[in-house]
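Down below is the structure, laid out as structure tokens.
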Amino acid sequence: MKIDDSSTTEPVLVMQRIFDAPREDVWDALTDPRQVARWYGGLGFENPVCEMDVRPGGTWRHVMRTPDGSEHALQFVFVEVVKPERLVWRNADRGATLGGAHDNLMTVTLEAAGRKTRWKLVVRFASMADREAALRIGFTAVLTEGTEKLNMLVRTV
Amino acid sequence: MRTDQLSATLAALADPTRRAILAGLATSDATVKELAEPFDMSLAGVSKHLKVLEGAGLISRGRESQWRPCHLEPAPLRDASEWLEGYRLFWDRSLDQLAEHLKTMKRRKRR
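For the record, the sequence lines run as chains A and B.
First residue of the first sequence: 46, per the numbering used here; consecutive thereafter.
First residue of the second sequence: 4, per the numbering used here; consecutive thereafter.
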């Protein structure tokens, strides 16, 4: 698990990749619903519904089918759309369909690196129950930030 | 996992002092005084943090002795950790598949 170095207090999960494709292609794969349906969720997952209105305030309606056949309706709202470098979206229902409490803000930034593209996804976790605390959750840090003992314990319990 | 429990866990973990306290309790139970030692903080300050941790169910306090030693309750932490791990795995799988998808698109373009 990677923690954003620039922030030790915010609830961030950071996932970075380098894709062997030009930035415009990665942008299309991220914002063209027909393409998103092919990769969202990963191998074995299907996405029978994927409708995206890619503009600030536009919605992303999605149904994901897990390998065991159960379907999950998801709804997101685009917050920021800067083609082809930055896409920000959040749960439209403040995470209610995921069992609540998960008011997440997802930010993808794409950086051209020659013919490749550097992908960075930052997920900020917020809590419905306590908005103020949510903005200051250092929760992921617990798992990595020099608290190995605790980490070990969490793993073994 | 119950929503309110997850929220409570997240909120309690928001503070670096509280995370350090939990790390300290991972090896053994401790009194407020023992927990306060590594910090430049009054006992009252540490007690405040302990109340938050206790309220969130992350620690329990002994009832018998005067010093009421603190005890780590690992279950909510484990749940939060599992939840986060699930989230990370979701994106890991998705990005693997996105890489595959981009490869396919590239091959198609060449043709």
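All C-beta atoms in this analysis are idealised placements derived from N, C-alpha and C, irrespective of residue type, glycine included.
{"query": "For my contact list, B:Ser116 and B:Glu76 are in at a C-beta cut-off of 8 Å; report their separation, rounded to the angstrom.", "result": "In the structure as shown, chain B begins at 4 and stops at 114. Residue 116 of chain B is therefore absent and cannot be evaluated."}
{"query": "Is the beta carbon of A:Val167 sitting closer than 9 Å to the one on A:Thr154?", "result": "yes"}
{"query": "Any contact of the region 86 to 97 of chain B with the region 80 to 93 of chain A, i.e. 3+ C-beta pairs under 8 Å?", "result": "yes"}
{"query": "Is it right to say A:Asp98 is buried, meaning 16 or more other beta carbons lie within 10 angstroms of its own, or is it exposed?", "result": "exposed"}
{"query": "Can you confirm whether B:Asp95, when its beta carbon is compared against all beta carbons of chain A, has any partner nearer than 9 Å?", "result": "yes"}
{"query": "Grouping DSSP H, G and I as helix and E and B as strand, with all else coil, what is B:Arg113?", "result": "helix"}
{"query": "State yes or no: is the beta carbon of A:Trp134 nearer than 9 Å to at least one beta carbon in chain B?", "result": "no"}
{"query": "Applying a beta-carbon distance threshold of less than 9 Å, which residues of chain A neighbour B:Ala102?", "result": "Arg62, Phe64, Asp65, Ala66 and Trp84"}
{"query": "Please list the partners that B:Lys109 has in chain A, where partner means a Cβ-to-Cβ separation under 9 Å.", "result": "Asp65, Ala66 and Asp70"}
{"query": "Distance, Cα to Cα, A:Glu156 vs B:Glu57?", "result": "44 Å"}
{"query": "Have a look at B:Tyr90 and B:Leu13 and give me their C-alpha separation to the nearest angstrom.", "result": "15 Å"}
{"query": "For a contact meaning CB atoms closer than 7 Å, what does A:Ala157 contact in chain B?", "result": "In chain order: nothing, as chain B lies at least about 14 Å away."}
{"query": "What would DSSP say about B:Val55, mapped onto helix, strand or coil?", "result": "helix"}
{"query": "Would you tell me roughly how many angstroms separate the C-alpha atoms of B:Leu61 and A:Arg79, rounded to the nearest one?", "result": "44 Å"}
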